[in-house]
Amino acid sequence: MKSAILAIVFGLAGATNARTADRPQRNYFVYVCAESDDTVHKLRYGPSGFAEVKSISVGAFPAETEGPHGINISPNGRYWFLSIAHGMPFGSIHKFDTANDEWLGDVTVGLFPATLSISPSTGLLFAVNFDLHGDMKPSSISVVETSTMTEVERIDVGIMPHGSRMNAKGTLLYSVNMMSDSLIELDTFKFEVSRTLSLFDSATDEDLLGRISMKVKPTWATAPTPENRIYVAGNGDNVIYEIDLEAWKIARKLDAGNGMGPYNLEVTSDGKLLIATYKSGAYVAIWDLTLGEELARIKTTRRIPHGVAVSDDDKYAFVTLEGVGGEPGTVEVYDLASKERVAVADVGKQAGGIIFWKGAQ
Amino acid sequence: MKQTAVVLILLFVSVAAWAQEEPAEPTPRLTLEVEPSELNLKVGEKATLVATVLDEDGNIVERAVVFFSRRRRSVSINPAGNVEAYRPGEHVLIAMLPKDPEDLHRRADALLTVEIPVTIPNPPAASVDFVALPSAFYAGTVAPIETRVTDTAGANRPDVEVRLETSDESIASLDELGSLSFKKAGMVRITAHAESVSGHIDIDVAADPVTSFELIASGDDVRTGDVVFFEAKALDVNGKAVPDYPVQFATYARPEAGIIAAGATAQIDEDGAFVAERPGLHTIIAVAGNHVARKTIKARMRNVRKEVEVLGQGPVRDRHTSDLWVWEAPDGRDYAITGTWGADGHAYFWDVTEPNSIQLVDTVRVDARTVNDVKITEDGATAIISREGASNRKNGLVILNVSNPTDGVRVIARYDDQLNGGVHNIFIHEGHVYALSNGRRYDIISIEDPTNPYRVGRFELDTSGHGVHDVWVVDGIAYSSNWYDGVVAVDVGGGGQGGAPNNPVKLGSYAYPSGWNHAAFPYKSQSTGKFYAFAGDEAFPYPKDDRPGAPPQRAAGWIHVIEWDEWNEPKEVARYQVPEAGSHNLWVEDDVLYIGYYGGGLRVVDISGELRGDLYRQGREIAFWHPYDPKSVTPNAPNVWGVQPYKGNIFLADFTSGLWAVKLVEPKKRFMGEPTN
Chain A
1 MKSAILAIVF GLAGATNART ADRPQRNYFV YVCAESDDTV HKLRYGPSGF
51 AEVKSISVGA FPAETEGPHG INISPNGRYW FLSIAHGMPF GSIHKFDTAN
101 DEWLGDVTVG LFPATLSISP STGLLFAVNF DLHGDMKPSS ISVVETSTMT
151 EVERIDVGIM PHGSRMNAKG TLLYSVNMMS DSLIELDTFK FEVSRTLSLF
201 DSATDEDLLG RISMKVKPTW ATAPTPENRI YVAGNGDNVI YEIDLEAWKI
251 ARKLDAGNGM GPYNLEVTSD GKLLIATYKS GAYVAIWDLT LGEELARIKT
301 TRRIPHGVAV SDDDKYAFVT LEGVGGEPGT VEVYDLASKE RVAVADVGKQ
351 AGGIIFWKGA Q
Chain B
1001 MKQTAVVLIL LFVSVAAWAQ EEPAEPTPRL TLEVEPSELN LKVGEKATLV
1051 ATVLDEDGNI VERAVVFFSR RRRSVSINPA GNVEAYRPGE HVLIAMLPKD
1101 PEDLHRRADA LLTVEIPVTI PNPPAASVDF VALPSAFYAG TVAPIETRVT
1151 DTAGANRPDV EVRLETSDES IASLDELGSL SFKKAGMVRI TAHAESVSGH
1201 IDIDVAADPV TSFELIASGD DVRTGDVVFF EAKALDVNGK AVPDYPVQFA
1251 TYARPEAGII AAGATAQIDE DGAFVAERPG LHTIIAVAGN HVARKTIKAR
1301 MRNVRKEVEV LGQGPVRDRH TSDLWVWEAP DGRDYAITGT WGADGHAYFW
1351 DVTEPNSIQL VDTVRVDART VNDVKITEDG ATAIISREGA SNRKNGLVIL
1401 NVSNPTDGVR VIARYDDQLN GGVHNIFIHE GHVYALSNGR RYDIISIEDP
1451 TNPYRVGRFE LDTSGHGVHD VWVVDGIAYS SNWYDGVVAV DVGGGGQGGA
1501 PNNPVKLGSY AYPSGWNHAA FPYKSQSTGK FYAFAGDEAF PYPKDDRPGA
1551 PPQRAAGWIH VIEWDEWNEP KEVARYQVPE AGSHNLWVED DVLYIGYYGG
1601 GLRVVDISGE LRGDLYRQGR EIAFWHPYDP KSVTPNAPNV WGVQPYKGNI
1651 FLADFTSGLW AVKLVEPKKR FMGEPTN
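Next comes the structure, spelled out in structure tokens:
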């Protein structure tokens, strides 16, 4: 019988930064969205500790909270792209230069755009129109030509698409529909949904896109692992679903525990570890995917954990915490070898979307 | 012969921007051919693009090609390369050869991209018609000629050039700008040519019947800003008015002594409405054919200027202040409520019974980052505050008992059903809250029992891309501000069209070109009885200044004055604009307009009488004031959000310094370099 190896480590009260002896030998950079401050923060974790390098003001209306939500880096590292949730009334995608964080352009998309991915094969960007606050009806994924910042297509998907990630080839995008309890696979060359999978049952009917179903409430889909699996966060039923992409079916269900509310997920590049934010429970969890066991569950230093990004060398996970009200947002760093939190830094309010940018000496 | 686009590009995988990237292996030399290389399609026509990938030996390589359109609503293309034309114009289709998906080095550009230009010409003109013609034409007069070109798709085509010709230059001649001069009586045909179609009118030019031509003014000793209506009376030999006799008005002035290089001194509209901007003698000229009449009137300075005396402040220095509302509570005292923005969800309650001693009496904190709007019921007993940025993203409304704020404010209910998109603005009218939802619509919620709110109705436009920013309800009519869709009036019980809170009925709307419509205040003028909608902009076209200590971002926009006595005939007649600042919220009372003008501070404007033209330039501004607070987190950075006149004083909410109470006082005599208002 396999024994569950579970270590629950409670965060040290008042911990603010890494001990000098634990600090990495190289620098790691992340970009973080502060959704209620209309700022994006660039942070560095390295030999000198963990701190904000730069705060970039985004949005156009100083008296309106426009809500930077999703963020990603172009595969060649030259640009970062940001989704801004609110407008008049539509959201938008913005392009910035990673060299100097200069704003380069934007394009209006649908309502409340969330996660976004750029295909390494075409350079086209795919952004889900989450439409969080809209009526329960099917939404869409916008396709943007990033060289001209032009929306070139809008693909109908399910209700409230949220988490989405692309395969390494950039040929397929995986996205979950939070209020349709479904996962879709989208062909990024043909701009069409190639497969749909119900997370509620085993049906694969096209009608899944328009179905209102809130049992699972999937909020995230990871990029495919080397084993051709993706993982879906079931925020509503506290389950992390492992999807076999070849068979196109649920292969395993990992029970996060009652009331945990897994929200965002990230898998290490070797496919061995999965890091999850438990939004409702206020934990960060580290899973061994080979064993299918939760190795660690760490209480976060602030409420409402949101996003997670893993460093390029699989050594660290960076987690955002939204906080409540006027509290700052927070970014925590977890050492994936020791399964401990090693650094914390505050940013703007409601820290959410996060992306790993680069590691450098 | 079809042309073939041949694109030969030798492309190596680009080296990544940072040092961690491994160097890429060279990519084979490929070409992407697309047939045809360009398209010329009529609206509704279809075509197919065929893309072929060749290696350097000319062998076909099986590779997926991605097609898309940069203007998919004008011309579409599907993955198979099938094209369909929808709208005229010059468009571009893209055929893209992705980089080899098996090459997993980080990069993000296609291997090859071919642009295929698509020309979809406008449909040809189907007809050209003369429009807005007067009922009669007279020798000696000038008439502008308007034409309308309609194409075969039924679209109006102002882009098509129209050439006019006259059949008899001795009767009617045309100038380069399309004005027709009638020289003598007789029949003449005017023909309009547009592309290959033409249309004509036959005009019977009558002899000039006018024997008496005079100009009458509704007043001759006025102030700047007063509207004078000029009527040109063209009478025939029998003393009867000649119908549709074309009259043009002009004006020139001799400004008051001491005013040099005055700039424009007045304006006169086509209907003869005149308004002076500078004091002095103004001569109005009416020209009709060979008849000229003139009249000179005197315009004095309007002299409405007041100065502002500060009474008190309710300071909020550590966070931004949003909106305010001032009212008399059932306990008989005067209170103000202010919201906070981008902070911790607080709303503040102030005793303002003595405006020079504003006291904070209670604070309410809700789960929100912004309490954007605050409103009080007509009986003064209930407050409603809106939430944005709630930690659970549910947002919605919070209902409070404020019958005696000095003894404490109590939360009595919350309502967030289908309002989780954040409630940006609200209005309370006759037991109902009009609450904006998700920036798309407003929900109408009964609070007849404030402890048990429930939705009774909803209003949402059906225009493409519609949005809503604010709503204000007066006499059973809701006026919402809808950005590009402008001000929309809806019957919710007072419009006589069967509307009710559970059955809102649209009455009419007015949109203006900028799309900046952000707020509206409906108002019936006390002096003229005319009904107006004062529509306010909000816009930030200027870049942010992120340097520490930089002033708040500069806004733009102004107040549009819309005369609106008939729902289907709104007419924008005037503006109030401070060129170096931008408007936000506004209030109108006793024929005075009060505006929170962001960096322009508080603005107070006389809107009595008829309104035409540029109210600022007419000297109608009564007062302006900037709230400077050196102790604020953003010191000395006035940014006035909202304003409310109340019991003879003026209360305003400033984004950076909190609540202020001021009053208008008689101005001190000051010399301003020249005679001025």
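In order, the protein sequence lines correspond to chains A and B.
Mind the numbering: the first sequence is residues 1 to 361 in this note's numbering, read in order.
Mind the numbering: the second sequence is residues 1001 to 1677 in this note's numbering, read in order.
From the three backbone atoms N, C-alpha and C, an ideal C-beta is built for every residue, glycine too.
Just so it is clear, the structure is predicted and the values come from calculations on it, not from any experiment.
Under 7 Å from the C-beta of residue i: neighbouring residues of chain A
{"i": "B:Q1553", "result": "P62"}
{"i": "B:V1066", "result": "T122 and F189"}
{"i": "B:D1109", "result": "G123"}
{"i": "B:R1440", "result": "P89"}
{"i": "B:P1098", "result": "S121, T122 and F189"}
Chain-ordered chain E contacts of residue i [CB-CB under 7 Å]
{"i": "B:W1483", "result": "Among the protein chains of the structure shown, namely A and B, there is no chain E."}
Bridge-paired residues (DSSP) for residue i
{"i": "B:P1144", "result": "B:S1179"}
{"i": "A:P305", "result": "A:L321"}
{"i": "B:D1151", "result": "B:A1125"}
{"i": "A:K95", "result": "A:F81 and A:G105"}
{"i": "B:K1295", "result": "B:I1284"}
{"i": "B:H1091", "result": "B:V1118"}
{"i": "B:V1471", "result": "B:S1480"}
{"i": "B:N1502", "result": "Its beta-bridge partners do not exist; DSSP assigns none."}
{"i": "A:E145", "result": "A:L124 and A:T150"}
{"i": "B:H1346", "result": "B:R1365"}
{"i": "B:H1200", "result": "B:T1191"}
Residue i, enclosing beta strand (DSSP E) - first and last residue
{"i": "B:N1404", "result": "Note, B:N1404: premise wrong, no beta strand (DSSP E); not H, not E."}
{"i": "B:F1249", "result": "Q1248 to P1255"}
{"i": "B:Q1644", "result": "V1640 to Y1646"}
{"i": "B:Q1577", "result": "B:Q1577 -> no beta strand (DSSP E), and no H or E assigned at all."}
{"i": "B:Q959", "result": "Absent from the structure is residue 959 of chain B, since the part of chain B shown begins at 1001 and ends at 1677."}
{"i": "B:Y1542", "result": "Neither: B:Y1542 is in no beta strand (DSSP E) and is coded neither H nor E."}
{"i": "B:H1193", "result": "G1186 to A1194"}
{"i": "B:R1455", "result": "Y1454 to F1459"}
{"i": "B:F1068", "result": "V1066 to S1069"}
{"i": "A:E52", "result": "G49 to S57"}
{"i": "A:P89", "result": "Segment: none, A:P89 is in no beta strand (DSSP E) and carries neither H nor E."}
{"i": "B:Q1313", "result": "E1307 to P1315"}
{"i": "A:V40", "result": "T39 to G46"}
Neighbour list for residue i in chain A, Cβ cutoff strictly below 9 Å
{"i": "B:N999", "result": "Any question about residue 999 of chain B goes unanswered here, given that chain B covers just 1001 to 1677."}
{"i": "B:F1671", "result": "Chain A residues near B:F1671: none, gap ~38 Å exceeds 9 Å."}
{"i": "B:G1465", "result": "M88, P89, F90 and T108"}
Partner residues on chain B for residue i, Cβ-Cβ distance less than 9 Å
{"i": "A:Q25", "result": "Neighbours of A:Q25 on chain B: none; closest Cβ ~14 Å, over 9 Å."}
{"i": "A:G352", "result": "Residues of chain B passing the Cβ test: none, with the nearest at roughly 11 Å."}
{"i": "A:E322", "result": "S1391"}
{"i": "A:D37", "result": "G1342 and R1369"}
Under 8 Å from the C-beta of residue i: neighbouring residues of chain B
{"i": "A:L132", "result": "R1393, N1420 and G1421"}
{"i": "A:E284", "result": "At residue 284 of chain A the sequence reads Val, which differs from the Glu that was named. The premise fails here: A:V284 is roughly 18 Å from chain B at the closest Cβ pair, so nothing lies under 8 Å."}
{"i": "A:V30", "result": "Per Cβ cutoff of 8 Å: no residues; A:V30 is ~14 Å from chain B at best."}
{"i": "A:E145", "result": "F1068, R1070 and I1094"}
Rounded distance between the beta-carbons of residue j and residue i, thought under 8 Å
{"i": "A:D131", "j": "A:G110", "result": "7 Å"}
{"i": "A:M260", "j": "A:N238", "result": "5 Å"}
Chain A contact residues for residue i, given Cβ-Cβ distances below 8 Å
{"i": "B:V1371", "result": "What B:V1371 touches in chain A: nothing, since even the nearest Cβ is about 11 Å away."}
{"i": "B:D1367", "result": "V324 and G325"}
{"i": "B:F1459", "result": "Neighbours of B:F1459 on chain A: none; closest Cβ ~15 Å, over 8 Å."}
Residue i: contacting residues in chain B (beta-carbon distance under 7 Å)
{"i": "A:S175", "result": "Near A:S175 there are no residues of chain B at all, since even the closest Cβ is about 19 Å away, more than 7 Å."}
TODO: Select from the segment 148-164 of chain A all residues with a C-beta closer than 9 Å to any C-beta belonging to chain B, and list them in chain order.
DONE: T148, T150, E151, V152, E153 and R154
TODO: Report the residues of the segment 297-313 of chain A with a CB closer than 9 Å to any CB of chain B, ordered along the chain.
DONE: R303, I304 and D312
- [ ] Name, going along the chain, the residues of the segment 1335-1346 of chain B whose beta-carbon falls closer than 8 Å to a beta-carbon of chain A.
- [x] W1341, G1342, A1343, D1344 and G1345
Task: Cβ-based contacts, 9 Å cut-off: residues of the segment 1629-1653 of chain B near chain A - done: N1639 and W1641
Task: Members of the segment 1537-1568 of chain B near chain A, C-beta cut-off 8 Å - done: Cβ contacts with chain A come from E1538, F1540, K1544, D1546, P1552 and Q1553.
Open item on the list: Beta carbons nearer than 8 Å to chain A: which residues of the segment 1074-1090 of chain B have them?
Closed with: P1079
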